[in-house]
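Asker:
Number of protein chains: 2
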Amino acid sequence: MVRKGKGKMADVLIPRLAIIGVGLIGGSLSLALKEAGAVGEVVGCGRGKPNLEKALELGVIDWYSRDPLNAVRDADVVFLATPVKTLATVTKELLPGCKSGAIITDGGSVKGAVAEMIEPLIPEGIHFVPGHPIAGTEKSGAEAAFPTLYRGKRCILTPTENTDPEALALVEKMWELAGSEVVKMSLEKHDRVLASISHLPHMVAYSLVNAVGSYDHYEENILEYSAGGFRDFTRIASSDPTMWRDIAETNRDGLLEMMEQFETYFAELKADIAEGNSEKLFEFFNRSKQLRDAIL
Amino acid sequence: MVRKGKGKMADVLIPRLAIIGVGLIGGSLSLALKEAGAVGEVVGCGRGKPNLEKALELGVIDWYSRDPLNAVRDADVVFLATPVKTLATVTKELLPGCKSGAIITDGGSVKGAVAEMIEPLIPEGIHFVPGHPIAGTEKSGAEAAFPTLYRGKRCILTPTENTDPEALALVEKMWELAGSEVVKMSLEKHDRVLASISHLPHMVAYSLVNAVGSYDHYEENILEYSAGGFRDFTRIASSDPTMWRDIAETNRDGLLEMMEQFETYFAELKADIAEGNSEKLFEFFNRSKQLRDAIL
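These protein sequences, in sequence, are chains A and B.
So the first sequence is numbered by my numbering: it starts at 54 and just counts up by one.
So the second sequence is numbered by my numbering: it starts at 54 and just counts up by one.
Shown next, in the form of structure tokens:
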């Protein structure tokens with residue numbers, strides 16, 4: 054039997070795990086793996102001391118260091134859970150501290166640009182496995198972390214021709230023990246899928262709020278008339294602008310492709326309305342309803 | 054003192070109210086006015102006998118007739134709560150049964166086309182007041198009706214040059230007693246406001262689901278990957294296709310104008326992404342977040 058947090062190191066999947074960025078994503082992975090008895094020691098690393106202290110107090114991590122080189126020393130797995138645009142810089146900083154055979158993996162929501170930036174940095178004997186757990190809440194910080202965040206959720210791993218099969222197998226096992234259903238696909242497919250189900254909807258919501266909020270024909274803010282429906286529909290337009298700027302920049306190609314796909318359908322609908330084509334309007338709405346109801 | 058439902062007729066605002074279409078909208082108005090002691094007798098009228106029986110059983114109405122001519126006889130106010138495209142036909146059917154001085158008002162979610170169709174039908178001595186309570190839930194039928202549906206919600210009345218001031222005042226009083234905040238505006242403004250905060254978001258959601266659900270580059274339904282966020286965002290794409298076909302047809306001009314407004318912003322965002330313009334992207338997302346947070 055392995056005791057949570059400090060069992061016999063040789064028995065657990067990951068004797069030492071370093072979490073770079075101890076927030077909702079990184080902290081929840083730590084808690085899930087501790088609950089599963091899959092980690093020995095968890096080291097936290099981050100910029101904010103109060104957050105790391107909180108993480109320690111809550112048992113999310115076992116100790117912390119604000120120096121990446123120190124945090125990753127002797128770590129078997131290093132999990133990068135910092136914003137997408139910082140991942141390459143963070144990797145450069147911590148690489149000299151990694152032991153031979155260490156596995157670095159990440160949780161960034163864009164994969165093509167991340168792998169392109171990080172893979173060339175990785176030296177012989179260190180492994181990198183790009184990944185993305187599809188989970189989250191609107192909260193952030195170590196306090197928001199909870200052990201069941203990943204349970205029943207998909208985690209997409211995007212191995213490339215450079216990915217070590219054994220490192221990939223270990224990361225896959227890690228996410229399974231955290232409760233996820235692991236799916237493997239290409240970097241390109243991941244970025245198209247995420248562009249469709251997450252990035253495009255955000256662009257649509259941001260545009261909608263800007264369009265309606267800027268309509269000044271009546272010299273008053275017509276958003277004042279909005280009832281619950283509009284507020285619910287546009288909730289995601291309240292998301293963090295910095296995070297979404299980064300996603301829009303790093304998943305540029307996938308996002309532009311899906312935005313064009315959206316524009317095509319929106320233009321078709323507009324033409325049907327302009328023509329007053331009852332039959333096509335009904336078909337358009339009905340097809341959408343069928344597709345939507347199928348994923349309920 | 055006036056007893057609910059059958060007080061001294063002369064003391065109440067509306068001694069006899071006829072509700073044409075006893076569903077969520079019509080039924081809730083009846084219950085709200087009964088609770089406020091503002092109606093004497095409420096007569097229901099509709100096509101489905103089981104729904105009318107249910108309404109009777111639940112005390113939503115006092116009696117019913119499936120014949121519009123009979124239902125409106127001696128009614129002081131006739132409230133039309135049937136689908137937008139049926140309003141003119143229903144009005145033609147019931148007009149010969151209306152007494153002199155009767156006030157007809159409606160709850161249709163499009164006002165320009167409705168007033169244009171109905172006003173020419175109204176004879177001397179009968180009054181028509183176009184209106185639209187901004188309230189609703191996803192449920193329908195008499196069983197869904199409840200007395201507080203309109204409490205704290207806006208009700209938009211759209212008087213025209215033909216609207217009788219006394220009839221308008223009575224309808225305004227009726228909605229106030231039902232708990233609404235009454236706002237008066239032109240037919241055109243109503244249709245633009247509703248196009249913005251309700252009709253456009255539905256068109257966007259329907260287009261989004263069609264665009265994503267039709268993306269077949271990977272020969273699998275990528276909607277399967279959608280997590281909670283996408284499902285929440287696209288909930289309104291499950292709305293009734295017939296109802297939305299009717300709205301798209303009857304609010305054609307307002308909707309096309311707002312769809313173009315949306316397209317302009319969406320195209321601006323797409324250009325910013327294509328150019329990788331960090332500063333403009335942040336501004337776009339941030340402005341939207343500010344607008345959205347202001348209506349929370």
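Using N, Cα and C, we set each Cβ at its ideal position, and we do this for glycine too.
From a predicted model like this one, the values you see are computed outputs, not experimental measurements.
Can you find a CB in chain B that lies within less than 9 Å of the CB of G58 of chain A?
Answerer: The residue given as residue 58 of chain A occupies position 5 in the first sequence. Model confidence at G58 of chain A stands at a pLDDT of 45, short of 50, so the residue's coordinates are unreliable; what they give is reported in the following sentence. No, its Cβ sits nowhere closer than 9 Å to a Cβ of chain B.
Asker: Counting only C-beta atoms, is R204 of chain A closer than 9 Å to chain B at any point?
Answerer: Here the question's residue 204 of chain A lines up with position 151 in the first sequence. Answer no: the Cβ-Cβ gap between R204 of chain A and chain B never drops below 9 Å.
Asker: Terminal residues of the continuous alpha helix (DSSP H) containing T158 of chain B?
Answerer: Within the second sequence, numbered from 1, the residue matching residue 158 of chain B stands at position 105. T158 of chain B -> not in any alpha helix (DSSP H); beta strand (DSSP E) instead, spanning I156 to D159.
Asker: Using a Cβ-Cβ cut-off of less than 7 Å, list which residues of the segment 211–239 of chain B approach chain A; keep chain order.
Answerer: So the list is empty, because no residue satisfies the distance condition.
Asker: Among the residues of its own chain, which have a CB less than 6 Å from the CB of N215 of chain A, if the five just before and after it don't count?
Answerer: Position 162 of the first sequence holds residue 215 of chain A. Correct list, in chain order: E172.
Asker: Of the residues A:D299, A:A108, A:N263 and A:L349, which one's Cα is nearest the Cα of P254 of chain B?
Answerer: Along the second sequence, one-based indexing puts residue 254 of chain B at 201. Nearest C-alpha to P254 of chain B: A:N263.
Asker: Please work out which residues of its chain come closer than 8 Å, Cβ to Cβ, to V236 of chain B, disregarding the five sequence neighbours upstream and downstream, and give them in chain order.
Answerer: In the second sequence, counting from the first residue as 1, residue 236 of chain B sits at position 183. R207, C208, I209 and L210.
Asker: Can you list, in chain order, the residues of its chain whose CB lies under 8 Å from that of E310 of chain A, leaving out five sequence neighbours each side?
Answerer: Numbered from 1 along the first sequence, position 257 holds the residue referred to as residue 310 of chain A. Hits under 8 Å: R245 and A248.
Asker: Using 9 Å as the limit for Cβ to Cβ distance, is S193 of chain B near chain A?
Answerer: Stepping through the second sequence from its first residue, residue 193 of chain B is reached at position 140. Cβ-Cβ to chain A under 9 Å: no for S193 of chain B.
Asker: I want to verify the contact list: residues of chain B whose CB lies under 7 Å from the CB of I289 of chain A, in sequence order.
Answerer: The residue labelled residue 289 of chain A in the question sits at position 236 within the first sequence. Under the 7 Å cutoff, chain B gives G282 and F286.
Asker: Any Cβ of chain A within less than 9 Å of the Cβ of H180 of chain B?
Answerer: Here residue 180 of chain B is taken as the residue at index 127 of the second sequence, counted from 1. So no, H180 of chain B is outside the interface.
Asker: Exposed or buried, which one is P149 of chain B when buried takes at least 16 other CB atoms within 10 Å?
Answerer: Within the second sequence, residue 149 of chain B is the residue found at index 96, counting from 1. Classification for P149 of chain B: exposed.
Asker: Are S279 of chain A and Q314 of chain B close, meaning C-beta to C-beta below 9 Å?
Answerer: Reading the first sequence from its first residue, position 226 is the one you call residue 279 of chain A. Reading the second sequence from its first residue, position 261 is the one you call residue 314 of chain B. Contact: no.
Asker: If the criterion is Cβ atoms closer than 9 Å, does the pair S260 of chain B and Y318 of chain A meet it?
Answerer: Numbered from 1 along the second sequence, position 207 holds the residue referred to as residue 260 of chain B. Numbered from 1 along the first sequence, position 265 holds the residue referred to as residue 318 of chain A. Yes.
Asker: Quick check: the segment 106–117 of chain B against the segment 76–96 of chain B, are at least 3 beta-carbon pairs closer than 8 Å?
Answerer: The segment 76–96 of chain B is in contact with the segment 106–117 of chain B.
Asker: Pick out the complete beta strand (DSSP E) segments inside the segment 218–248 of chain B, 3 residues or longer, and give them in chain order.
Answerer: As far as the segment 218–248 of chain B is concerned, its whole beta strand (DSSP E) runs of at least 3 residues are 234–237.
Asker: State yes or no: is the beta carbon of D346 of chain A nearer than 9 Å to at least one beta carbon in chain B?
Answerer: Against the first sequence, residue 346 of chain A aligns to sequence position 293. Closer than 9 Å: yes.
Asker: Can you tell me the Cα-Cα spacing of K57 of chain A and D64 of chain A, whole angstroms?
Answerer: By 1-based counting over the first sequence, the position of residue 57 of chain A is 4. By 1-based counting over the first sequence, the position of residue 64 of chain A is 11. No answer about K57 of chain A holds up, because its pLDDT of 40 lies below 50 and its placement is not dependable.
Asker: Which residues mark the beginning and the end of the alpha helix (DSSP H) in which E110 of chain A is found?
Answerer: For the purposes of this step, residue 110 of chain A is identified with residue 57 of the first sequence, where counting begins at 1. Where E110 of chain A is concerned, the enclosing alpha helix (DSSP H) stretches over K102 to E110.
Asker: Between the alpha carbons of E336 of chain B and G161 of chain B, how many angstroms are there, rounded?
Answerer: Numbered from 1 along the second sequence, position 283 holds the residue referred to as residue 336 of chain B. Numbered from 1 along the second sequence, position 108 holds the residue referred to as residue 161 of chain B. The straight-line gap from Cα to Cα measures roughly 38 Å.
Asker: Using a Cβ cut-off of 7 Å, pull out every chain A residue sitting near I275 of chain B, in sequence order please.
Answerer: Position 222 of the second sequence, counted from the start, is the residue given in the question as residue 275 of chain B. Those are V246, S249 and I250, listed as they occur along chain A.
Asker: Would you identify the three-state DSSP class for A358 of chain B, choosing helix, strand or coil?
Answerer: Residue 358 of chain B is absent from the structure shown; chain B starts at 54 and stops at 349.
Asker: Could you tell me the alpha carbon to alpha carbon distance between E321 of chain B and F338 of chain A, rounded to whole angstroms?
Answerer: Indexing the second sequence from 1 puts residue 321 of chain B at position 268. Indexing the first sequence from 1 puts residue 338 of chain A at position 285. Between E321 of chain B and F338 of chain A, the C-alpha separation is close to 27 Å.
Asker: Counting only the same chain and skipping the five closest in sequence on each side, list residues whose C-beta sits under 6 Å from that of R204 of chain A.
Answerer: Numbered from 1 along the first sequence, position 151 holds the residue referred to as residue 204 of chain A. Correct list, in chain order: G232.
Asker: Quick check on this structure: which residue in A:K242, A:A290 and A:D159 has the alpha carbon closest to the alpha carbon of N304 of chain A?
Answerer: Stepping through the first sequence from its first residue, residue 304 of chain A is reached at position 251. It is A:K242.
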